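Engineer: Would you mind keeping the following structure in view while I ask a few things?
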Ligand SMILES: Nc1ncnc2c1ncn2[C@@H]1O[C@H](COP(=O)(O)OP(=O)(O)O)[C@@H](O)[C@H]1O
Ligand SMILES: [Mg+2]
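Numbering (the numbering used here), first residue to last: -2 to 242.
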């Protein structure tokens, strides 16, 4: 589904240049839930932005669904991008629009013959009762559910999430992870999740790339456990983290 080959990207500054991505090669299979992890500044977001062509590599090849993004003109790129859903750390909702209007927004920009309805996706994320609310009236977790509903309404074949839980507390993180897990299963998408939060990757993904300073250091197969730490109650987790070695 996604093939990256020898991607290089440098950001040129006044005083220094920064090699943000250094010889990145990566394959993500169709239907996979793939993680990209690493500390802040590692290059995760830049890498994710290559996949939906918001960022162009200096060299290397980006292929999504057998299409080479680097060779497309603007119109072709927009067609390609329209099949990709995005979920952001800061939700990116329009505050002067209702939940329903925010969720419908992608449908006002393009034609989507197979799209879902606002009611479908709001029910899926558990926010039917907030249809006519404004983002300012919602909690962080509810805002992210709106963000996810907006991404799903187009029935994307690829869902890209950039730190989808990093603005949320731990209990809300669990809820959102559960919604994303359910979405991946239900809609049979390919998902790529970028985060610095290891439990999120552990709950959502089967494989992950470990990034550091613009390089992929390793690609790991994630050990599945019956009950990951993220599913344990808050106090149980607190004791595990604080009181044991
Ligand atoms: N548009 C840009 N201009 C200049 N530098 C950038 C730009 N975007 C990202 N960077 C730099 O590239 C490096 C990787 O950034 P990023 O991909 O956002 O990392 P991460 O998402 O892992 O925190 C960082 O050092 C960041 O400051
Ligand atoms: Mg980032």
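Glycine residues also receive a C-beta, built at the ideal position from the N, C-alpha and C atoms. Here the structure is a predicted model, which means the values were calculated and not measured.
Quick check on the DSSP output: the alpha helix (DSSP H) that includes residue 147 runs from which residue to which?
Structural biologist: In the chain shown, counting from the first residue as 1, residue 147 sits at position 150. Segment 137 to 149, the alpha helix (DSSP H) holding residue 147.
Engineer: Where does residue 104 fall in DSSP's three states?
Structural biologist: Translated into the one-based positions of the chain shown, residue 104 becomes position 107. Per DSSP, reduced to three states, the secondary structure at residue 104 is helical.
Engineer: If the criterion is Cβ atoms closer than 8 Å, does the pair residue 187 and residue 239 meet it?
Structural biologist: The residue given as residue 187 occupies position 190 in the chain shown. The residue given as residue 239 occupies position 242 in the chain shown. Not in contact: residue 187 and residue 239 (Cβ atoms no closer than 8 Å).
Engineer: Per DSSP, what kind of secondary structure is residue 2 in: helix, strand or coil?
Structural biologist: By one-based count along the chain shown, residue 2 stands at place 5. Strand.
Engineer: Run the Cβ filter for me: residues under 6 Å from any heavy atom of ligand 1, listed in the order they occur in the chain.
Structural biologist: 8, 15, 17, 35, 37, 38, 39, 40, 41, 42, 43
Engineer: Measuring CB atoms only, is the region 203 to 217 touching the region 56 to 70, in the sense that at least three cross pairs come out at less than 8 Å?
Structural biologist: no
Engineer: Output yes or no for whether 8 Å exceeds the beta carbon distance between residue 86 and residue 136.
Structural biologist: As a working mapping, residue 86 is identified with position 89 in the chain shown. As a working mapping, residue 136 is identified with position 139 in the chain shown. For residue 86 and residue 136, no; Cβs fall outside 8 Å.
Engineer: Would you give the residue range spanned by the alpha helix (DSSP H) that residue 198 belongs to?
Structural biologist: Numbered from 1 along the chain shown, position 201 holds the residue referred to as residue 198. Going by DSSP, residue 198 is part of the alpha helix (DSSP H) stretching over 195 to 201.
Engineer: Can you find a heavy atom of ligand 2 that lies under 7 Å from the Cβ of residue 209?
Structural biologist: Position 212 of the chain shown, counted from the start, is the residue given in the question as residue 209. No; taking the cut-off as 7 Å, the Cβ of residue 209 has no heavy atom of ligand 2 nearer than that.
Engineer: Quick one: what does DSSP say residue 7 is sitting in, helix, strand or coil?
Structural biologist: As a working mapping, residue 7 is identified with position 10 in the chain shown. If DSSP states are grouped into helix, strand and coil, residue 7 belongs with the strands.
Engineer: Based on the DSSP output, what are the partners of residue 156 in its beta bridges?
Structural biologist: Numbered from 1 along the chain shown, position 159 holds the residue referred to as residue 156. Answer is 82, 188.
Engineer: Look up residue 53 in the DSSP assignment and say whether it is helix, strand or coil.
Structural biologist: Position 56 of the chain shown holds residue 53. Coil at residue 53, not helix or strand.
Engineer: Alpha carbons only, please: which of 153, 129, 147, 82 is nearest the one belonging to residue 111?
Structural biologist: Taking the chain shown and counting its residues from 1, one reaches residue 111 at position 114. Checked all of 153, 129, 147, 82; the closest Cα to residue 111 is 153.
Engineer: Just checking my contact of residue 145 with residue 97 at CB under 8 Å: how many whole Å lie between their CB atoms?
Structural biologist: Working through the chain shown from its first residue, we reach residue 145 at position 148. Working through the chain shown from its first residue, we reach residue 97 at position 100. Between residue 97 and residue 145 the Cβ distance is about 15 Å, and since that is not below 8 Å, they are no contact.
Engineer: Applying the criterion that 16 or more other CB atoms from any shown protein chain within 10 Å of the CB defines a buried residue, is residue 149 buried or exposed?
Structural biologist: Within the chain shown, residue 149 is the residue found at index 152, counting from 1. Buried, because 16 or more other Cβ atoms sit within 10 Å of the Cβ of residue 149.
Engineer: Under 8 Å between the Cβ atoms of residue 33 and residue 191?
Structural biologist: In the chain shown, the residue the question calls residue 33 occupies position 36. In the chain shown, the residue the question calls residue 191 occupies position 194. Yes, Cβ-Cβ distance for residue 33 and residue 191 is below 8 Å.
Engineer: For residue 129, which residues in the same chain have their Cβ closer than 8 Å to its Cβ, ignoring the five residues on either side in sequence?
Structural biologist: The residue given as residue 129 occupies position 132 in the chain shown. Around residue 129: 95, 96, 97.
Engineer: Compute the minimum distance between the beta carbon of residue 159 and the heavy atoms of ligand 2, and state whether it is under 7 Å.
Structural biologist: What you label residue 159 is simply residue 162 of the chain shown in a count that begins at 1. At least one heavy atom of ligand 2 is nearer than 7 Å to the Cβ of residue 159, so yes.
Engineer: Would you kindly work out how many angstroms separate the C-alpha atoms of residue 47 and residue 169, rounded to a whole number?
Structural biologist: The residue given as residue 47 occupies position 50 in the chain shown. The residue given as residue 169 occupies position 172 in the chain shown. Those two C-alpha atoms are separated by around 29 Å.
Engineer: Using DSSP's beta-bridge definition, name the partner residues of residue 15.
Structural biologist: To locate residue 15, count along the chain shown from 1; it is residue 18. DSSP output for residue 15 lists 8 as bridge partner(s).
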